[in-house]
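Asks: First the structure, then my questions, so here it is.
Protein chains: 4
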Amino acid sequence: MKHYVEDLKWEKGMSVNKLVEEMGGLGFQSVHLNKAKDVIIKMKKNGAKIYFTFTSNMVTSGLRGLFAQLIKLNLVDVVVTTVGGIEEDIMRAQGEKFLVGSFKADDFGLHEKGFNRVGNLLIKNESYEKFETNMKQMLKKVYDKKKRVSVSELLKELGSQLKDENSILYQAHKNNIPIFCPAITDGAFGFHLYLFQQDHKDFIVDVVQDFFNLICTTDQDELKGLIALGGGVSKHHAILGALINGGLDYAVYLTTSHSSSGSMSGATTKEAKSWGKIKDDASASTLIGEVTITFPLIIFSVLDQLAEEGLIKNE
Amino acid sequence: MKHYVEDLKWEKGMSVNKLVEEMGGLGFQSVHLNKAKDVIIKMKKNGAKIYFTFTSNMVTSGLRGLFAQLIKLNLVDVVVTTVGGIEEDIMRAQGEKFLVGSFKADDFGLHEKGFNRVGNLLIKNESYEKFETNMKQMLKKVYDKKKRVSVSELLKELGSQLKDENSILYQAHKNNIPIFCPAITDGAFGFHLYLFQQDHKDFIVDVVQDFFNLICTTDQDELKGLIALGGGVSKHHAILGALINGGLDYAVYLTTSHSSSGSMSGATTKEAKSWGKIKDDASASTLIGEVTITFPLIIFSVLDQLAEEGLIKNE
Amino acid sequence: MKHYVEDLKWEKGMSVNKLVEEMGGLGFQSVHLNKAKDVIIKMKKNGAKIYFTFTSNMVTSGLRGLFAQLIKLNLVDVVVTTVGGIEEDIMRAQGEKFLVGSFKADDFGLHEKGFNRVGNLLIKNESYEKFETNMKQMLKKVYDKKKRVSVSELLKELGSQLKDENSILYQAHKNNIPIFCPAITDGAFGFHLYLFQQDHKDFIVDVVQDFFNLICTTDQDELKGLIALGGGVSKHHAILGALINGGLDYAVYLTTSHSSSGSMSGATTKEAKSWGKIKDDASASTLIGEVTITFPLIIFSVLDQLAEEGLIKNE
Amino acid sequence: MKHYVEDLKWEKGMSVNKLVEEMGGLGFQSVHLNKAKDVIIKMKKNGAKIYFTFTSNMVTSGLRGLFAQLIKLNLVDVVVTTVGGIEEDIMRAQGEKFLVGSFKADDFGLHEKGFNRVGNLLIKNESYEKFETNMKQMLKKVYDKKKRVSVSELLKELGSQLKDENSILYQAHKNNIPIFCPAITDGAFGFHLYLFQQDHKDFIVDVVQDFFNLICTTDQDELKGLIALGGGVSKHHAILGALINGGLDYAVYLTTSHSSSGSMSGATTKEAKSWGKIKDDASASTLIGEVTITFPLIIFSVLDQLAEEGLIKNE
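Residue numbers (the numbering used here), protein chains in the order written: chain A, 1 to 315; chain B, 1 to 315; chain C, 1 to 315; chain D, 1 to 315.
Below, the structure written as structure tokens:
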């Protein structure tokens with residue numbers, strides 16, 4: 001199914017959707033980007049359950065609003081992420097703001113001024129301090145309902161305590177989409193859980209139970225798709241959950257990592273086929289590129305096309 | 001001049017220009033992409049002479065039409081590239097077509113079928129054979145006019161023999177924009193030049209003369225800008241030409257390479273300041289990402305905004 | 001403290017240690033590699049507690065034996081890793097073997113033959129099946145001792161059931177070095193824990209308790225160092241543990257990721273300073289490169305020099 | 001021909017050669033490094049003509065001495081590089097020294113102090129000024145012998161004017177190894193050639209003639225091998241020269257670039273097969289990694305083994 005390279009030309013006011021279409025006629029990563037859009041549309045139209053994974057830095061980056069919107073629009077069915085993203089979603093929902101700074105910042109200077117750097121973004125110490133105060137109260141409310149909670153139950157409860165349309169946890173709660181976070185203690189949140197447990201010894205966060213919850217989100221007979229932004233445990237965990245239920249039918253991996261070091265972050269959809277992680281006849285696309293650029297392009301095009309066909313609400 | 005991260009949200013039918021604007025409120029490479037657009041608009045509005053460099057694979061990719069269009073719209077003033085791009089521009093102008101294939105193709109099989117692979121693109125042997133036949137005649141016409149030519153003169157003459165609106169050489173000839181190619185023999189073209197010289201011993205391609213031509217394209221008193229796609233000799237050559245005339249005032253580098261290996265391809269606009277390659281008060285942006293995705297985004301946004309303000313013809 | 005570049009020359013039979021010394025006189029990543037060695041020697045000589053983190057693919061790669069050896073030689077004090085590495089260490093300790101294959105393998109074919117690919121390495125389905133059978137019995141023994149275990153306790157118990165000098169878990173148990181694994185359910189191991197819990201409802205893996213254990217491994221007054229191979233949760237978790245105890249005094253990061261996407265895997269020792277993760281006067285080195293090449297070079301040189309000075313046992 | 005992963009273990013005083021052997025039992029890039037060594041030994045033992053290419057930053061890095069040594073030891077037969085490497089080899093041969101600095105240097109400050117940065121290396125303005133003075137005299141001597149010179153002739157003449165055992169040009173002249181440099185004007189050297197031509201209008205640097213010289217270095221019947229460090233025109237030019245003579249029988253590519261952007265720098269030995277650039281039965285290895293680390297490992301091991309078998313002089 002080869003096609004010819006087509007010369008790209010600018011036209012005034014071109015839409016994102018049109019540009020992504022045109023990228024289908026270009027070489028290198030552009031054609032992968034276009035294919036990623038096709039695979040997502042196909043998984044949606046065919047009624048697949050869709051796993052959606054991202055790393056915490058992407059929440060910090062400002063893609064958070066878009067992630068919340070995708071949940072609201074029912075584009076995705078299961079979310080897997082890391083705890084940093086949970087923390088920063090809650091901070092933002094409680095009014096904290098992050099700054100766009102520079103990769104080349106003077107880090108000693110930042111530290112003295114109470115700023116913490118994530119790439120070219122800055123988070124104030126103050127934001128972490130408020131987060132600590134808030135967490136105590138939020139955890140107390142969860143504990144009062146239930147002493148032994150799985151991670152996804154815990155996150156659902158926290159989501160119910162937020163009120164921000166742009167919050168991932170809020171929308172996931174409201175739309176009944178589970179959020180999994182296999183390394184729930186790997187952040188400030190872990191520290192607060194520990195402090196809380198010191199005073200409430202019978203408080204148990206049951207990660208093993210959540211494995212059961214994960215594999216209950218889909219079953220063998222359903223079509224299953226994955227949109228993985230970045231790598232790490234969130235990507236791996238969704239793949240694992242799907243594998244136990246027979247593997248993925250569709251997969252889109254967006255990553256800056258390459259396969260040459262054997263890492264999960266760089267593992268391709270091709271490699272996944274050897275594991276039965278992706279079925280042999282799967283539609284799959286791996287796109288190398290930074291997610292704050294590639295993902296908006298792809299998903300805006302997907303949403304435009306689904307809205308065009310009345311398959312998703314116009315926002 | 002820090003600003004806050006803004007949550008991105010999808011809106012139906014959003015234009016490329018609007019999305020690029022929104023990227024200014026995101027972290028990581030998105031904000032660099034937005035800044036690259038600003039720097040290009042600034043160089044254009046302030047009347048800088050603009051160097052534009054790209055590598056040959058980008059011509060193959062289908063960006064060729066866009067490059068030709070930028071020349072036609074007078075967005076750029078000086079072009080520097082590698083000889084593969086010249087060859088493929090001529091092939092395409094003479095009706096040859098390239099195929100979009102796969103990075104994972106069976107290369108032995110391709111070779112047997114007469115296909116040559118460049119990433120996920122395919123060029124037929126046949127295209128190279130026709131190119132050879134054509135080159136003989138084209139070089140003869142140049143030779144009949146002049147025996148000792150500089151590279152940029154040679155490319156101008158070849159451009160005059162083409163008739164394709166989407167051709168870089170054609171538009172450069174028509175709009176009087178010089179194309180420099182410091183490694184002119186590094187391709188099939190080099191072989192054809194050699195064969196031609198066998199029969200015409202007094203035919204001389206004068207690369208040293210072209211250095212003079214390069215430094216004559218700008219002068220000390222002019223503002224100078226650079227848009228460099230990828231690295232290698234084309235990027236380096238433009239920087240060198242500008243350096244001799246006092247250095248760059250504006251620079252945008254788009255590349256997939258990182259600075260960690262000390263290569264020219266990964267060298268940043270920051271490093272360039274130590275050389276006086278970019279003036280201390282320069283506006284500069286380095287964006288890590290694949291050019292077939294990042295460049296259309298940036299330049300479509302630039303052209304939309306310039307067209308809005310009547311600074312460029314609507315196409 | 002700048003020094004001159006020195007021309008490298010081959011000498012017959014040169015030792016790894018000598019080559020690493022010579023790399024101190026080269027540019028780009030070589031000088032970082034040499035500095036990484038110096039930082040590790042410094043942390044060891046000054047009596048710092050050393051956190052050591054790696055990702056599971058590195059265990060698969062065959063570095064496992066070296067990691068076990070470093071624990072045996074008391075070079076490191078705290079280990080943090082991901083669950084895939086735990087699984088593969090146990091499999092290998094129980095006699096399973098992995099194959100070196102190819103990145104370009106036919107993945108459909110591998111799947112049919114019962115092989116799972118990790119980069120250019122292959123693991124048989126059979127190995128996973130035996131692992132499942134073994135895990136049941138191993139978990140039963142742990143459960144018979146204790147119903148509510150933290151992850152590090154669990155791993156210590158499992159280590160006590162192995163008998164392989166080259167096993168990470170075995171050596172950690174024997175030498176009383178804790179292993180942390182914040183995402184313990186993110187692998188086949190998670191599935192086996194879940195199956196076991198189905199039959200033993202009072203079996204609890206307490207991840208929150210393990211956060212306490214992590215922060216008890218060091219204290220505010222001790223010097224603290226980190227050797228992080230790759231990124232992800234293992235790197236982040238060690239940094240977090242150290243941060244709560246006042247931050248790191250020494251840090252060496254070896255990674256294939258770059259900082260441009262804002263990921264934890266690519267985060268540099270420079271960025272860590274803004275967080276107080278690394279103290280302002282810290283000795284730190286970030287080296288870009290694949291760990292199966294860079295880490296043996298560095299650590300062989302470190303061990304040679306420490307052995308030379310009688311600071312470590314000759315093996 | 002699969003084999004098992006072997007656990008790596010440290011042994012005191014291990015030689016580079018032994019470590020490279022052990023890497024053959026590890027996964028990911030280590031096994032490619034080991035294979036690269038095997039391919040080079042094979043090409044040498046089978047009497048192949050060996051093309052050797054590198055980029056200018058590698059000369060700056062201090063690998064220059066090793067490159068000169070490889071020429072002296074007759075390990076390689078044809079050299080292709082970029083002009084920056086030529087310039088810096090000459091500067092060093094004339095007593096100039098480069099400094100090891102930092103990637104994170106203050107570039108404005110460096111510029112004011114007269115330092116130019118290449119990654120983490122520094123070159124003084126003064127070194128360039130002396131180079132200018134020297135070039136005038138050196139070119140005059142060449143001109144007095146011959147008015148129309150090909151690039152490789154020119155470089156041979158310049159080599160004859162140097163006296164430094166560690167100089168690439170000196171050793172190439174002495175051992176009669178041609179050096180090709182297709183983009184000879186792309187550097188300060190280009191500027192000096194231009195200034196010289198201003199005063200000597202009949203001075204011609206004939207790049208087309210050098211294409212003939214390149215293809216005369218090998219013939220159809222000979223076995224041909226390539227060791228390419230980094231990418232760009234030097235890598236491409238050697239491949240092109242070999243292709244015209246029937247393609248390569250052996251190839252080793254060491255690079256930090258990946259194939260995903262379709263660039264020459266990231267192009268793999270696999271891709272080369274589609275072009276007939278590498279013969280179907282070729283022995284080839286692509287290794288991703290920074291050359292200042294990977295190349296010394298490989299070549300020290302190669303030289304140790306060749307010396308062991310008396311196939312190369314002990315240094």
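Even for Gly, the Cβ is constructed at its ideal location relative to N, Cα and C.
For B/Asn-319, decide whether its Cβ has a neighbour in chain A, counting only Cβ atoms nearer than 9 Å.
Replies: Missing from the structure shown is residue 319 of chain B; chain B here goes from 1 to 315 and no further.
Asks: Between A/Ala-228 and A/Asp-249, how many whole angstroms is the CB-CB distance? I'm expecting something under 8 Å.
Replies: Not a contact, Cβ separation roughly 15 Å.
Asks: Using only alpha-carbon positions, find the residue among D/Phe-191, D/Ile-288, D/Ser-102 that is nearest to B/Ser-274.
Replies: D/Ser-102
Asks: Please compile the residues from chain A whose C-beta is within a distance smaller than 9 Å of the C-beta of C/Phe-191.
Replies: Phe-211, Ile-215, Leu-240, Ile-244
Asks: Does any residue of chain D bring its CB to less than 9 Å from the CB of A/Ile-288?
Replies: Closer than 9 Å: yes.
Asks: Mind checking who A/His-3 pairs with in its DSSP beta bridge?
Replies: B/Val-100
Asks: For A/Met-1, count neighbouring Cβ atoms within 10 angstroms of its own Cβ and tell me buried if that reaches 16, exposed if not.
Replies: Because A/Met-1 sits at a pLDDT of 46, beneath the cut-off of 50, its placement in the model cannot be relied upon, and the following sentence gives the value as read from the coordinates. So A/Met-1 ends up on the exposed side.
Asks: Under the assumption that C/Leu-155 contacts C/Phe-196 (Cβ atoms under 8 Å), give the Cβ distance between them as a whole number of angstroms.
Replies: C/Leu-155 to C/Phe-196, Cβ: 15 Å. No contact.
Asks: Using a Cβ-Cβ cut-off of less than 8 Å, list which residues of the region 98 to 118 of chain A approach chain C; keep chain order.
Replies: Phe-103, Ala-105, Asp-107, Phe-108, Leu-110, His-111, Phe-115, Asn-116, Arg-117, Val-118
Asks: Please decide whether B/Thr-218 counts as near chain D, where near means a Cβ-Cβ distance under 9 Å.
Replies: no
Asks: What is the rounded straight-line gap between the Cα of C/Thr-255 and the Cα of C/Leu-287?
Replies: Roughly 6 Å between the two C-alpha positions.
Asks: Identify whether C/Asp-186 lies in helix, strand or coil by the three-state DSSP scheme.
Replies: coil
Asks: If we cut at 9 Å on Cβ distances, does D/Thr-60 have a partner in chain C?
Replies: Yes - at least one Cβ of chain C is within 9 Å of the one on D/Thr-60.
Asks: Which same chain residues, not among the five before or five after C/Asp-89, have their C-beta less than 7 Å away from its C-beta?
Replies: Val-59, Arg-64, Ser-167, Ile-168, Leu-169
Asks: The alpha helix (DSSP H) that contains B/Ile-40, what's its start and end?
Replies: That run of the alpha helix (DSSP H) goes 29 to 45.
Asks: Compare the C-beta of B/Leu-66 against all C-beta atoms of chain A and say whether one is closer than 9 Å.
Replies: Yes, contact with chain A.
Asks: Using beta carbons (cut-off 9 Å, strictly below), is D/Ile-90 in contact with chain B?
Replies: no
Asks: Establish whether the CB of C/Tyr-51 and some CB of chain D are separated by less than 9 Å.
Replies: no
Asks: Let me see if you follow: with CB-CB separation under 9 Å, is A/Ser-261 close to chain D or not?
Replies: yes
Asks: Going along chain D in order, which residues have a C-beta closer than 9 Å to the C-beta of C/Thr-292?
Replies: Leu-8, Met-23, Leu-26, Gly-27, Phe-28, Gln-29, Ser-30, Val-31, Leu-33, listed in chain order.
Asks: Would you say A/His-236 faces chain D, with C-beta separation under 9 Å as the test?
Replies: It does not: the Cβ of A/His-236 has no partner Cβ on chain D nearer than 9 Å.
Asks: Here's the rule: buried if 16 or more other CB atoms are within 10 angstroms of the residue's CB, otherwise exposed. What is A/Leu-311?
Replies: exposed
Asks: Short of 8 Å Cβ to Cβ, which residues in the region 294 to 306 of chain A face chain B?
Replies: Thr-294, Pro-296, Leu-297, Ile-299, Phe-300, Leu-303, Asp-304
Asks: Return yes when the C-beta of A/Lys-44 is under 8 Å from any heavy atom of the ligand COA, and no when it is not.
Replies: Questions concerning the ligand COA fall outside what the structure shown contains, since it holds no ligand whatsoever.
Asks: Could you tell me the alpha carbon to alpha carbon distance between C/Val-78 and D/Thr-269, rounded to whole angstroms?
Replies: For C/Val-78 and D/Thr-269, the distance between alpha carbons rounds to 42 Å.
Asks: Whole angstroms are fine: how far does the CA of D/Phe-67 sit from the CA of B/Lys-201?
Replies: 35 Å
Asks: Taking C-alpha atoms, which residue in A/Val-207, A/Asn-175, A/Gln-220 lies nearest to C/Ile-184?
Replies: Shortest Cα-Cα distance from C/Ile-184 to any of A/Val-207, A/Asn-175, A/Gln-220 involves A/Val-207.
Asks: Under three-state DSSP, which class holds C/Ile-124?
Replies: Note on residue identity: the sequence assigns Lys, not Ile, to residue 124 of chain C. In the three-state scheme derived from DSSP, where H, G and I count as helix and E and B as strand, C/Lys-124 is classed as strand.
Asks: Grab me the residues of A/Phe-203's own chain with a C-beta within less than 7 Å of its C-beta, minus the 5 sequence neighbours each way, in chain order.
Replies: Tyr-143, Lys-147, Phe-196, Gln-197
Asks: How far does the beta strand (DSSP E) with C/Phe-115 in it extend, from its first residue to its last?
Replies: 115 to 118
Asks: Out of B/Ile-299, B/Pro-296, B/Ala-272, B/Lys-279, which one is the CA nearest neighbour of D/Leu-316?
Replies: A query on residue 316 of chain D cannot be resolved here, the shown segment of chain D reaching from 1 to 315 and no further.
Asks: Taking 7 Å as the limit between beta carbons, can you name the residues of its chain near B/Val-100, skipping five residues before and five after?
Replies: Asn-120, Leu-121
Asks: Check whether the Cβ of B/His-258 lies closer than 9 Å to any Cβ atom in chain F.
Replies: The structure shown has no chain F; the protein chains it does contain are A, B, C and D.
Asks: Just verifying my parser: in three-state terms, what is the DSSP assignment at B/Thr-286?
Replies: strand
Asks: How close, in whole Å, do the beta carbons of C/Ile-50 and C/Gly-225 come, if the pair is a contact with beta carbons under 8 Å?
Replies: 5 Å
Asks: Less than 8 Å between the CB atoms is what I'm expecting for D/Gly-84 and D/Gly-187, so what's the real figure, rounded?
Replies: 5 Å
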